[in-house]
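Peer 1: This is the structure, below, for whatever I ask next.
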Amino acid sequence: MTELTVPAWLNETFLETVFQEKEINQRSIPIIDYDIKSVMPPGSNYSSDMFRVRVVYSQEQATSVIIKVPVVEGVFKEIEEYFSREPIMYEKQLPAMSKKINHEFAPKSFYSPLKNVLVLKDLKDEGYVIADKFKQLDYPHCELVFKTIAKFHAASLACYHEDLRFIEGVSAENFYIEGGTSFKSFMEGFMNQFGKAFDMFGVSDSFKRLFNDRVGGLWDSGVMACKPKETGLNVLVHGDLWCNNLMFKYDGSGNLLDVKFLDYQRTKFCSPVVDLLYFLWSSANSEVLESRQKELYSIYLETLNSTLEHLGSEARLTEEELQDDLRALSDWALICLCFTTPLMLAEPDNALDLEAIDLHSVENDENTRKVQKMYGGKYAKTLIPRLTSSYEKWVNGLYT
């Protein structure tokens, strides 16, 4: 793996400032040794560079943290608020939600002397691992995610009902914005290239017709999905709930114990179904998509409502409202399938480096070739026909 360049400021002075805070070490003991390694290679379609830092601060004590540094080039350069949101979540909303429900949804956050740079507990030390995004997740993993995100949503709603200011700074969408932004041309450029790749993918004629009927309205559908409903249940959603933003823990026999959520840069206040569809169409395997979605929605509904009741909230999500939201947001699933999922699941050799592309140039000759290469990757050519077939069956079933 190609190593990222370590920032000059990530040095012993920075680490001493972090590690002498009360959260880690109440005594002002100098650092004896430290080791820094990049967590992932450059161009991995992430909005941040991440470093694992192993620090020895006494003869007997050592710990590991993840330093998360925002990427301020390419696509993310124009979305300034994108990087300020996650520190707010770790400082305000996540602690309040965890206290409300007595459940930790995320890794512990430590003091950082630099704006928008996060210092997080390394969950790997506690036995958590990230699943293989190319294998996608089976039913037991999806069930655990649905139960946990239901508790996350319930806790956010209970906190919001106690104080309507709870969602300040973390509730507004930062990509799909009404009136159109430069991100609109970026997304629509991808959709154009996706449509041109149908013959390469071998998708059905019926899906081609479905896509062509809907593609002109997908931007507006994304805007609608990412803002609060005028009536009904809105919650604080994670917004980027997919395989690589999840870490699972297992017992010695391989049984699932827990899941933690990472990356809180896309939070918003809207229908909870936004999280559910995003997760399923980016991360669930074919068996789940084809035959077990209804089970997952039932489990989500039961967990959400029982948690709300336990928290003393009168709010409830009815089966009818859930089904209405699934139908209303079926285009959101299509956006995930055609745009978001191929970006996230491209092999390293075919991945689009979002640091090297801006929001206005996705359809110039050079970037068109890069997008075509991404869609032409071996995994995309295998995955997309399966996803389009599953989507077609699912969306038709919503109205029967």
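So the sequence shown is numbered by the numbering used here: it starts at 1433 and just counts up by one. Where a beta carbon is used, it is the ideal one built from N, C-alpha and C, also for glycine.
Would you say the segment 1547-1561 touches the segment 1657-1666, given that touching needs at least three Cβ pairs under 8 Å?
Peer 2: With the cut-off at 8 Å, the segment 1547-1561 and the segment 1657-1666 do not touch.
Peer 1: Under 8 Å, do Ser1541 and Tyr1522 count as touching if we go by C-beta distance?
Peer 2: yes
Peer 1: Could you check what DSSP says for Thr1739 in three-state terms: helix, strand or coil?
Peer 2: Of the three classes helix, strand and coil, the one that applies to Thr1739 here is helix, per DSSP.
Peer 1: Enumerate in chain order the residues of its own chain whose CB-to-CB distance from Tyr1732 is below 6 Å, with the five nearest sequence positions on each side excluded.
Peer 2: So the list reads Phe1578 and Ala1582, once near-sequence residues are dropped.
Peer 1: Could you check what DSSP says for Ala1629 in three-state terms: helix, strand or coil?
Peer 2: coil
Peer 1: Pick out the complete beta strand (DSSP E) segments inside the segment 1538-1570, 3 residues or longer, and give them in chain order.
Peer 2: Runs of the beta strand (DSSP E) inside the segment 1538-1570: 1550-1553.
Peer 1: Would Asp1483 and Ile1464 qualify as a contact pair, given that the criterion is a beta-carbon distance under 8 Å?
Peer 2: What sits at residue 1483 in the sequence shown is Phe, not Asp. Their beta carbons are not under 8 Å apart, which means Phe1483 does not touch Ile1464 by this criterion.
Peer 1: Ordered along the chain, which non-local residues of its own chain (more than five positions away) have a Cβ less than 7 Å from that of Pro1660?
Peer 2: Asn1666, Phe1701 and Cys1702
Peer 1: Is Trp1651 closer than 8 Å to Val1706 when the C-beta atoms are compared?
Peer 2: It is not a contact, given that the beta carbons lie outside the stated cut-off.
Peer 1: How many angstroms separate the CA atom of Arg1759 from the CA atom of Pro1780?
Peer 2: Per the coordinates, the alpha-carbon of Arg1759 lies some 35 Å from the alpha-carbon of Pro1780.
Peer 1: How many angstroms separate the CA atom of Ile1609 from the CA atom of Ser1617?
Peer 2: Rounded to whole angstroms, the separation of the alpha carbons of Ser1617 and Ile1609 is 12 Å.
Peer 1: The alpha helix (DSSP H) that contains Asp1645, what's its start and end?
Peer 2: Asp1637 to Arg1646
Peer 1: Give a yes or no on contact between the segment 1714-1723 and the segment 1765-1776, applying the rule of three or more CB pairs nearer than 8 Å.
Peer 2: yes
Peer 1: Which partner residues does Asp1481 have in the DSSP bridge list?
Peer 2: Here Asp1481 is bridged, per DSSP, to Val1501.
Peer 1: Might you give, ordered along the chain, the residues of its own chain that have their beta carbon closer than 6 Å to the beta carbon of Val1827, omitting 5 neighbours on each side?
Peer 2: Ser1762
Peer 1: Give me the DSSP bridge partner(s) of Lys1700.
Peer 2: According to DSSP, which records beta bridges pairwise, Lys1700 is partnered with Val1669.
Peer 1: Express the C-alpha separation of Leu1689 and Asp1683 in angstroms, rounding to a whole number.
Peer 2: 6 Å
Peer 1: Return the first residue and the last residue of the alpha helix (DSSP H) that Leu1691 is part of.
Peer 2: The question names Leu, but residue 1691 is Val in the sequence shown. It is not in any alpha helix (DSSP H) - Val1691 instead sits in the beta strand (DSSP E) that spans Leu1688 to Phe1693.
Peer 1: Alpha carbon to alpha carbon, how far is Glu1798 from Arg1646? Give it in angstroms, no decimals.
Peer 2: 27 Å
Peer 1: Taking 8 Å as the threshold (C-beta atoms), are Leu1436 and Leu1589 in contact?
Peer 2: With respect to Leu1436, Leu1589 sits apart: the two C-beta atoms are not nearer than 8 Å.
Peer 1: From Thr1699 to Thr1445, what does the alpha carbon distance come to, in whole angstroms?
Peer 2: 33 Å
Peer 1: Could you have a look at Ile1609 and say whether DSSP puts it in helix, strand or coil?
Peer 2: coil
Peer 1: If we ignore side chains and look at the alpha-carbon of each, how far apart do Ser1653 and Val1503 end up?
Peer 2: Approximately 28 Å between the Cα atoms of the pair.
Peer 1: Hey, Lys1640 and Pro1539: beta-carbon distance below 8 Å or not?
Peer 2: Going by C-beta atoms, Lys1640 is not nearer than 8 Å to Pro1539.
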